[in-house]
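Asker: Heads up, the sequence shown is in my numbering, so the first residue is 354 and it goes up one at a time.
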Amino acid sequence: MDALSFVDVSKKFGNKYALKNVTFSIPRGATAGLLGPNGAGKTTSIKIAVGILKRTSGEVKILNLDPWANEEEARQKIGVLHEKPIYPLGVRVIDLLNHLARLKGVNRRDVKMVLDLTGLKEYANARIRMLSRGFVQRLGLAQALLGDPEILLLDEPTANLDPIARIEILNLINNLRKELSLTIIISSHIIPELQKVCNYAVFIGNGKILDYGPMGELASRYQVGTIFKVYALQPRRVAASIIEEEYVESIEIHESFLKVRIKAGYSKNLENKVIESGAEKIELLTANLEEIYKKAVAYAS
């Protein structure tokens, strides 16, 4: 079961299409980037996914539930950070979260947990007006995490933040990805900064899907070189099995894993070879996300 799927989804405002025949899916457990320029249809897609906006046509499923027909049940499974959240500035952080917890029927222990997870514990008694923009976004993440959702939908979480605050928010999202069993979907027009956060991408432009899939597959499809981390009980043995392969550019041997840089288009070859040689797991470390996006745009046009 996918975390989120769109099938031939369109949305019209008057005579203008914001989305047209959009089809994509995001698997459970992915950290996915919904990526494209401003006005591409990212926010419209998220509003449709959470049941705020009704689609004109097509099918949408979030954890196999229609978010419009099964609004209440679907919303219990998702946490949302909207692009421009509005909070009562004179209210204390802890009071707002307690109020939202009551509305969601969530235990107050959840409030303590989300304060810890988002680094807001020391600011629990601060008035929201005293928070920096970066910490207001942390508050947004905290309220999205209330109720132990299975999916986090984050709409432009780093927009209008200074460079340091952007890095801190992305690090926080990365930590949440590692600590919690969540699917995280992040919309952004700042594609390079999601490089180290996402393992899955959906490219959107002018209300249409350009491409989507795991980062490794997209890198292979558009001929972009990549670095993989290969876990093995005997990393030297696995390294010996691939060192002569013409697509392998470099290998770093560590105690329990390898770092392997390969030429573009050979991800599947590497995966098959290392698993055959006794590797336990292989994961993508880096691929140039912006380069992949540019090639997807060029191919689509």
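Glycine included, C-beta positions come from ideal geometry on N, C-alpha and C.
Model, not experiment: these values are computed from the prediction.
Tell me which residue opens and which closes the alpha helix (DSSP H) that residue 569 is part of.
Answerer: Your numbering for residue 569 matches position 216 in the sequence shown. It spans 568-574 - the alpha helix (DSSP H) in which residue 569 sits, taken as one unbroken run.
Asker: Go through the stretch 593-635 residue by residue and report every complete run of the beta strand (DSSP E) that reaches 3 residues or more, in order.
Answerer: If we require 3 residues or more, the beta strand (DSSP E) runs fully inside the stretch 593-635 come out as 601-606 and 610-615.
Asker: Does the Cβ-Cβ distance between residue 412 and residue 360 come in under 8 Å?
Answerer: Translated into the one-based positions of the sequence shown, residue 412 becomes position 59. Translated into the one-based positions of the sequence shown, residue 360 becomes position 7. It is a contact, given that the beta carbons lie within the stated cut-off.
Asker: In terms of alpha-carbon separation, which member of 480, 439, 454 and 373 lies closest to residue 408?
Answerer: For this step, residue 408 is matched to residue 55 along the sequence shown. Minimum Cα distance to residue 408 is reached at 373.
Asker: Cα-Cα, which of 652, 642, 394 and 494 is closest to residue 366?
Answerer: As a working mapping, residue 366 is identified with position 13 in the sequence shown. Ranking the options by Cα distance to residue 366, first place goes to 394.
Asker: Near residue 637, which residues of its chain fall below 7 Å by C-beta distance, leaving aside the five closest residues on each side in sequence?
Answerer: Position 284 of the sequence shown, counted from the first residue, corresponds to residue 637. If we look at residue 637 and ignore the five residues flanking it on each side, its Cβ neighbours are 552, 568, 569, 579 and 581.
Asker: Report the CB separation of residue 377 from residue 584 in whole angstroms; it is logged as a contact under 8 Å.
Answerer: Your numbering for residue 377 matches position 24 in the sequence shown. Your numbering for residue 584 matches position 231 in the sequence shown. Not confirmed; about 29 Å, so no contact.
Asker: Below 8 Å on the Cβ atoms is my guess for residue 641 versus residue 577; work out the distance and round it to an integer in Å.
Answerer: Counting from one through the sequence shown, the residue named residue 641 turns up at place 288. Counting from one through the sequence shown, the residue named residue 577 turns up at place 224. Contact flag correct, Cβ pair sits at about 5 Å.
Asker: Assess, as a yes-or-no matter, whether the stretch 532-541 is touched by the stretch 625-632 under the definition of 3 or more beta carbon pairs within less than 8 Å.
Answerer: Because the criterion of three Cβ pairs below 8 Å is not met, the stretch 625-632 and the stretch 532-541 do not touch.
Asker: Put residue 638 into one of helix, strand or coil per three-state DSSP.
Answerer: Position 285 of the sequence shown, counted from the first residue, corresponds to residue 638. Residue state, collapsed to three classes: strand.
Asker: Grab me the residues of residue 356's own chain with a C-beta within less than 6 Å of its C-beta, minus the 5 sequence neighbours each way, in chain order.
Answerer: Within the sequence shown, residue 356 is the residue found at index 3, counting from 1. Closer than 6 Å at the Cβ level, and outside the excluded window around residue 356, lie 379, 381, 504 and 536.
Asker: Which residues does DSSP pair with residue 505 in a beta bridge?
Answerer: Here residue 505 is taken as the residue at index 152 of the sequence shown, counted from 1. In the DSSP output, where bridge partners are listed per residue, residue 505 has 432 and 537.
Asker: Using a Cβ-Cβ cutoff of less than 6 Å, which residues in the same chain neighbour residue 482 once the five nearest sequence positions on both sides are dropped?
Answerer: Within the sequence shown, the letter at position 129 stands for residue 482. Contacts found: 442.
Asker: Do residue 427 and residue 392 have their C-beta atoms closer together than 8 Å?
Answerer: Within the sequence shown, the letter at position 74 stands for residue 427. Within the sequence shown, the letter at position 39 stands for residue 392. For residue 427 and residue 392, no; Cβs fall outside 8 Å.
Asker: For residue 363, which residues in the same chain have their Cβ closer than 8 Å to its Cβ, ignoring the five residues on either side in sequence?
Answerer: In the sequence shown, counting from the first residue as 1, residue 363 sits at position 10. The answer, listed in chain order, is 370, 372, 373, 374, 375, 408, 409, 410 and 411.
Asker: Report yes or no: do three or more beta-carbon pairs, one from the stretch 497-512 and one from the stretch 451-466, lie closer than 8 Å?
Answerer: The stretch 497-512 is in contact with the stretch 451-466.
Asker: Classify residue 649 as buried or exposed, calling it buried when 16 or more other Cβ atoms lie within 10 Å of its own Cβ.
Answerer: If you number the sequence shown from 1, residue 649 lands on position 296. Residue 649 is buried by the Cβ-count criterion.
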